[in-house]
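Read the structure below first, then the notes.
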Amino acid sequence: SSMFVFPHKLILKTCGTTTLLLGLRRLLHIAAEHAGFPFHNAQSVDDIHAAASPYRVFYSRKNFLFPDKQPGPHRSWKEEVKYLDDTFAGGSAYMVGKMNGDHWYLYITSPDVTVTPRTLDETSLPNSSKIPTNTAPTSKGGLGNNDETLEILMTDLDPENAKQFYLEHANAVASDRLYLQAQEARKMAIGNLGDLSGSTITIKTTSTVESFSDDALDVFDNCSDSDLHSSYTPVSEQTDAECMTTEGHALGTVISDACGLSEVYPTSKYPDARIDAYLFSPCGFSANGIIPAPQNQEVADSEKSTHYFTVHVTPEPVCSFASFETNVPGGQNGRETSEIVEHVVGIFKPGRFSVTLFEAKATHGYDDDEIPTSLARKKRLEKIQGYRRIDRIVHDFDDYELIFRFYERE
Amino acid sequence: TFSPSEGTPHLTINHNVAADLDSSSAFEGPEKLLEVWFAPTPDSLPAGAKPNGLKAVSSETWVSVLDMVNCKILSVLEAENMDAYLLSE
Numbered sequence: 006s007s008m009f010v011f012p013h014k015l016i017l018k019t020c021g022t023t024t025l026l027l028g029l030r031r032l033l034h035i036a037a038e039h040a041g042f043p044f045h046n047a048q049s050v051d052d053i054h055a056a057a058s059p060y061r062v063f064y065s066r067k068n069f070l071f072p073d074k075q076p077g078p079h080r081s082w083k084e085e086v087k088y089l090d091d092t093f094a095g096g097s098a099y100m101v102g103k104m105n106g107d108h109w110y111l112y113i114t115s116p117d118v119t120v121t122p123r124t125l126d127e128t129s130l131p132n133s134s135k136i137p138t139n140t141a142p143t144s145k146g147g148l149g150n151n152d153e154t155l156e157i158l159m160t161d162l163d164p165e166n167a168k169q170f171y172l173e174h175a176n177a178v179a180s181d182r183l184y185l186q187a188q189e190a191r192k193m194a195i196g197n198l199g200d201l202s203g204s205t206i207t208i209k210t211t212s213t214v215e216s217f218s219d220d221a222l223d224v225f226d227n228c229s230d231s232d233l234h235s236s237y238t239p240v241s242e243q244t245d246a247e248c249m250t251t252e253g254h255a256l257g258t259v260i261s262d263a264c265g266l267s268e269v270y271p272t273s274k275y276p277d278a279r280i281d282a283y284l285f286s287p288c289g290f291s292a293n294g295i296i297p298a299p300q301n302q303e304v305a306d307s308e309k310s311t312h313y314f315t316v317h318v319t320p321e322p323v324c325s326f327a328s329f330e331t332n333v334p335g336g337q338n339g340r341e342t343s344e345i346v347e348h349v350v351g352i353f354k355p356g357r358f359s360v361t362l363f364e365a366k367a368t369h370g371y372d373d374d375e376i377p378t379s380l381a382r383k384k385r386l387e388k389i390q391g392y393r394r395i396d397r398i399v400h401d402f403d404d405y406e407l408i409f410r411f412y413e414r415e
Numbered sequence: 173t174f175s176p177s178e179g180t181p182h183l184t185i186n187h188n189v190a191a192d193l194d195s196s197s198a199f200e201g202p203e204k205l206l207e208v209w210f211a212p213t214p215d216s217l218p219a220g221a222k223p224n225g226l227k228a229v230s231s232e233t234w235v236s237v238l239d240m241v242n243c244k245i246l247s248v249l250e251a252e253n254m255d256a257y258l259l260s261e
């Protein structure tokens, strides 16, 4: 699961049997109490019922795979919509895609709807009078100039690719990486010194993976090649002083590199990008990536914001699933959306996947009657190598456009 | 020598949670996604809001929301305009 906190919005994406919507009213209260956002349903912010009025709310999910295992309001879309309708007035709920196949749900409020924040305690609801939401117009016409979100939801992952996200496999990869690093260091040392006897090899490196490796590499001093191949020490077995990270984070970083995730937004194009990844035990993987605005490049003001991507993987064959989500704008000076989709799909090789592209109309910069300049860019998404596009559904909202595509392996 | 720029995000790990996490009994699956916006852009926060908006809220405060959701913080990647929380489950 992941959470992204911006000055003006919060994104919370949670997996499994989490009860995401149960945290919603607490979130609205915190926004009022700790961030100072306006509230209208209480006399004082000290009132625990005080809830900030949102500008806009999105809630979405893939169709339910195991609804009986879900607690709270998450057993059905109907219950989730009821929970949201009880909280916000004027929301709209949609189902996108095949009813009898993979589909996607969306609940959305618009800036000009009324909102009904209710109490934190459902057993003692106060009068739920309609409260106007925060609709203050802005100089930018109400929307960010560059708001688009791409989400890829993948099921039926290729079993061989899914193996990468098991602890056992990750340990082997980490061990092999250390072995190769040590061998490379030896070659360099031999080249420089001609004789290794009695010397100590120290490698100063840059990324989290290699930082993790620094301590472990000391193990390689004066070892034979045969010793090297089995000398990886799990972080969990190191002393506290040696632990610069946790094993889950260290192996998460190893797997990010090994599976190709680190190259989705390569540092050659996104120099300050950074990934925080975690490999769960015995399996499962989560990663967040931050792509800061370039510091020393001439970019438009609309580009000067920090973007994110996030990945979650459940590799077990019975319920294999992976998701990728990003708000890094496609095209411009970075990678095209179609390139991103092909790269991500190549990592997991799913049997089926959906792609949703949610884009503010201000982003693509054309009116409904004009020929969109980004059409060619979008058309590239129609053909993903090795897959047949089954559905393409467009929803035209007031200020957003949603394109849902569904693909199956050929 | 590695010289990160000022824009490079900073990582903080919650060792109390992340070091001994076991997902053996966890049921995973498709996620639920919630976005709550309080303003259209970071530079159009309403009157009364703190200059940093939601970024002014400490991670300790968010824990009370995440407790209700059944998630725990594994680590936080902090950047100038965004904090990225990696969560359990």
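Going down the list, the sequences are from chains A and B. The first sequence: position 95 = 100 (the working numbering), numbered continuously. The second sequence: position 31 = 203 (the working numbering), numbered continuously. Glycine residues also receive a C-beta, built at the ideal position from the N, C-alpha and C atoms.
- Message: Just to confirm my understanding: we take residue 326 of chain A, look at its own chain, exclude 5 residues before and 5 after, and list those with CB closer than 6 Å. What are they?
- Response: Numbered from 1 along the first sequence, position 321 holds the residue referred to as residue 326 of chain A. For residue 326 of chain A, where only same-chain residues beyond five positions count, the Cβ hits under 6 Å are 160 and 319.
- Task: Determine, using beta carbons only, whether residue 188 of chain B comes closer than 8 Å to chain A.
- Result: Position 16 of the second sequence holds residue 188 of chain B. At least 8 Å separates the CB of residue 188 of chain B from every CB of chain A.
- Just confirm the distance between the C-beta atoms of residue 362 of chain A and residue 155 of chain A, as a whole number of angstroms; I'd bet it's less than 8 Å. The count along the first sequence starts at 1 and reaches residue 362 of chain A at position 357. The count along the first sequence starts at 1 and reaches residue 155 of chain A at position 150. Confirmed, Cβ separation roughly 5 Å.
- Does residue 232 of chain B get closer than 8 Å to chain A when you measure Cβ to Cβ? Translated into positions along the second sequence, residue 232 of chain B becomes position 60. So no, residue 232 of chain B is outside the interface.
- Any chance the region 382-394 of chain A sits against the region 337-350 of chain A, with 3 or more Cβ pairs inside 8 Å? Verdict: yes, contact present.
- Task: Please go through the region 81-119 of chain A and give each complete alpha helix (DSSP H) segment of 4 or more residues, from N-terminal end onward.
- Result: Runs of the alpha helix (DSSP H) inside the region 81-119 of chain A: 82-92.
- Message: At a CB distance below 7 Å, what residues from the region 9-20 of chain A approach chain B? Give them in sequence order.
- Response: For the region 9-20 of chain A, the beta-carbon criterion of a distance under 7 Å to any beta-carbon of chain B is satisfied by 9, 10, 11, 12, 13, 14, 15, 16, 17, 18, 19 and 20.
- Please confirm if residue 254 of chain A has its CB atom under 8 Å from at least one CB of chain B. Walking along the first sequence from the start, residue 254 of chain A turns up at place 249. The Cβ of residue 254 of chain A sits closer than 8 Å to at least one Cβ of chain B.
- Item | Nearest candidate by alpha-carbon position, reference residue 275 of chain A, set A:261, A:281, A:294 and A:355 | Mapped onto the first sequence, residue 275 of chain A falls at position 270. It is A:294 whose Cα lies nearest to the Cα of residue 275 of chain A.
- Query: With DSSP run on the structure shown, which of helix, strand or coil describes residue 274 of chain A?
  - Reply: Walking along the first sequence from the start, residue 274 of chain A turns up at place 269. Residue 274 of chain A: coil per DSSP, three-state reduction.
- Message: What would DSSP say about residue 165 of chain A, mapped onto helix, strand or coil?
- Response: Taking the first residue of the first sequence as 1, we reach residue 165 of chain A at position 160. Correct three-state label for residue 165 of chain A: helix.
- By DSSP, does residue 226 of chain B sit in helix, in strand, or in coil? Reading the second sequence from its first residue, position 54 is the one you call residue 226 of chain B. Residue 226 of chain B falls in the helix class under three-state DSSP.
- From the beta carbon of residue 241 of chain B, is the nearest beta carbon of chain C less than 8 Å away? The chain inventory of the structure shown lacks chain C, comprising the protein chains A and B.
- Item | Spatial distance of residue 35 of chain A from residue 233 of chain B (CA atoms) | Walking along the first sequence from the start, residue 35 of chain A turns up at place 30. Walking along the second sequence from the start, residue 233 of chain B turns up at place 61. For residue 35 of chain A and residue 233 of chain B, the gap between their C-alpha atoms comes out near 8 Å.
- Consider the Cβ of residue 277 of chain B: report whether some Cβ of chain A lies at a distance smaller than 8 Å. Past the boundaries of the shown model lies residue 277 of chain B; chain B is included only from 173 to 261, so the question cannot be answered.
- Beta carbon proximity, residue 235 of chain B to chain A, threshold 8 Å: Taking the first residue of the second sequence as position 1, residue 235 of chain B is located at position 63. Not one chain A Cβ lies under 8 Å of residue 235 of chain B.
- Segment contact flag, the region 264-273 of chain A with the region 346-354 of chain A, C-beta cutoff 8 Å, min 3 pairs: Three or more beta-carbon pairs separated by less than 8 Å link the region 264-273 of chain A to the region 346-354 of chain A, which places the two stretches in contact.
- Message: Going by beta-carbon coordinates alone, are residue 86 of chain A and residue 409 of chain A separated by less than 8 Å?
- Response: Here the question's residue 86 of chain A lines up with position 81 in the first sequence. Here the question's residue 409 of chain A lines up with position 404 in the first sequence. In this structure, residue 409 of chain A does not lie closer than 8 Å to residue 86 of chain A by Cβ.
- Would you call the region 208-223 of chain B and the region 69-82 of chain A in contact, with 3 or more CB pairs under 8 Å? Contact between the region 208-223 of chain B and the region 69-82 of chain A is absent, because fewer than three Cβ pairs lie under 8 Å.
- Query: Going by DSSP, which residues form a beta bridge with residue 290 of chain A?
  - Reply: The residue labelled residue 290 of chain A in the question sits at position 285 within the first sequence. According to DSSP, residue pairing for residue 290 of chain A in a beta bridge involves A:284 and A:318.
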